[in-house]
Ligand SMILES: [Zn+2]
Ligand SMILES: [Zn+2]
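So, in structure tokens, the structure goes:
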């Protein structure tokens, strides 16, 4: 794979439409020029210019105060996205946003459901998208939009999608619309780093399936064999998202229903709760262990998240 270097030092702050245009005209060599021609629907403007295809890529800025880690991102991938496809012929545009990650997560009294309610490991082998396992539209609403953000600035979206919105325009929906596994249903849209656009044009991934080599070229840290996976991002309840390896380098065997466990992580001296990503459903997390920060996704405002009763003597009583 031919990808430019994307180490932190290659990132620069700020960009203009003119710079992007000149990078485009000056002979960027996209991986998938033929697919790029299909992405011909102009959908980026002065306020949200097209994401760069080659370096310099947009920066991801992190800052911290007493309560939050702030992840300032443009939603743009720090890599060549030319291999992506979508029904609407759209290209990724810079959608600047600052996500707030709670530094001290509040555990929810009952976990906040996000996914399809399936057990971990339930990934279909079905090749016909119209026959993917599904749940009815009236069986609870899976979480749409971003549920976390990765260290490369790419949004991590919930695992479900409406089948009607995932099918290529040449494939007809038969029967009622339904929720399906977005990783499988939308794989035909993926670029080199398993990213694609939502119906609203936001670049995102559902993640989990990268190889460690692939991760590096996607602006994410690679794992060390025999060690706990590296931090790949944060869920919006404040807990960290790690790759597929536990402390011994093997798959963790004690993940809870949300996809997390408590334990040591790479470089940590104290045990802490965190999520593990995997190459099977739910790929990232099926539910939040903690209450998510409401400002990160407008759909969180209606979530009934009650934090666990504080301990006696707490200032929150
Ligand atoms: Zn998607
Ligand atoms: Zn772990």
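Numbering (mature numbering (1 follows the signal peptide of the UniProt record, and there is no 0)), first residue to last: -30 to -1, 1 to 287.
Yeah, the Cβ is synthetic: ideal placement off N, Cα and C, and Gly gets one too.
With DSSP collapsed to three states, give me the class of residue i.
| i | result |
| --- | --- |
| residue 217 | coil |
| residue 127 | strand |
| residue 236 | coil |
| residue -5 | Because the pLDDT at residue -5 is just 45, under 50, the model does not fix this residue reliably, and the value given afterwards should be weighed accordingly. If DSSP states are grouped into helix, strand and coil, residue -5 belongs with coil. |
| residue 104 | coil |
| residue 135 | helix |
| residue 151 | strand |
| residue 269 | helix |
| residue 143 | coil |
| residue 68 | strand |
| residue 73 | coil |
| residue 244 | strand |
| residue 120 | strand |
Return yes when the Cβ of residue j is within less than 7 Å of the Cβ of residue i, no when it is not.
| i | j | result |
| --- | --- | --- |
| residue 260 | residue 207 | yes |
| residue 222 | residue 244 | no |
| residue 173 | residue 12 | no |
| residue 99 | residue 177 | no |
| residue 185 | residue 192 | yes |
| residue 31 | residue 159 | no |
| residue 262 | residue 271 | no |
| residue 9 | residue 91 | no |
| residue 118 | residue 43 | no |
| residue 116 | residue 125 | yes |
| residue 165 | residue 48 | no |
| residue 93 | residue 209 | no |
| residue 219 | residue 195 | yes |
| residue 18 | residue 64 | yes |
| residue 135 | residue 170 | no |
Could you spell out the range, first to last residue, of the alpha helix (DSSP H) harbouring residue i?
| i | result |
| --- | --- |
| residue 89 | Unbroken run through residue 89: none, as it is neither H nor E. |
Kindly examine ligand 3 and report whether one of its heavy atoms sits closer than 6 Å to the Cβ of residue i.
| i | result |
| --- | --- |
| residue 156 | As presented, the structure is devoid of ligand 3, carrying ligand 1 and ligand 2 as its sole ligands. |
At which residues does the beta strand (DSSP E) containing residue i begin and terminate?
| i | result |
| --- | --- |
| residue 7 | Taken as a continuous stretch (DSSP letters only), residue 7 belongs to no beta strand (DSSP E), being part of the alpha helix (DSSP H) at 3 to 8. |
| residue 43 | 38 to 43 |
| residue 32 | 31 to 34 |
| residue 260 | 257 to 260 |
| residue 78 | 77 to 83 |
Original post:
When the Cβ atoms of the segment 11 to 30 are set against those of the segment 51 to 58, are three or more pairs found closer than 8 Å?
Top reply: The segment 11 to 30 is in contact with the segment 51 to 58.
Subject >> Runs of alpha helix (DSSP H) lying entirely within the segment 154 to 232, each at least 4 residues, in chain order >> reply: As far as the segment 154 to 232 is concerned, its whole alpha helix (DSSP H) runs of at least 4 residues are 182 to 187.
Original post:
With contact counted as at least three CB pairs below 8 Å, one residue from each stretch, are the segment 79 to 99 and the segment 247 to 257 in contact?
Top reply: With the cut-off at 8 Å, the segment 79 to 99 and the segment 247 to 257 touch.
**OP:** Kindly confirm or deny that the segment 140 to 150 and the segment 100 to 112 touch, where touching means at least three C-beta pairs closer than 8 Å.
**Re:** Judged by Cβ distances under 8 Å, the segment 140 to 150 makes contact with the segment 100 to 112, as three or more pairs qualify.
Subject >> Cβ contact check for the segment 231 to 238 and the segment 266 to 276: 3 or more pairs under 8 Å >> reply: Taking 8 Å as the limit for Cβ pairs, the verdict is that the segment 266 to 276 does not touch the segment 231 to 238.
Original post:
Counting pairs of Cβ atoms below 8 Å between the segment 64 to 79 and the segment 195 to 202, do you hit three or more?
Top reply: No contact exists between the segment 64 to 79 and the segment 195 to 202.
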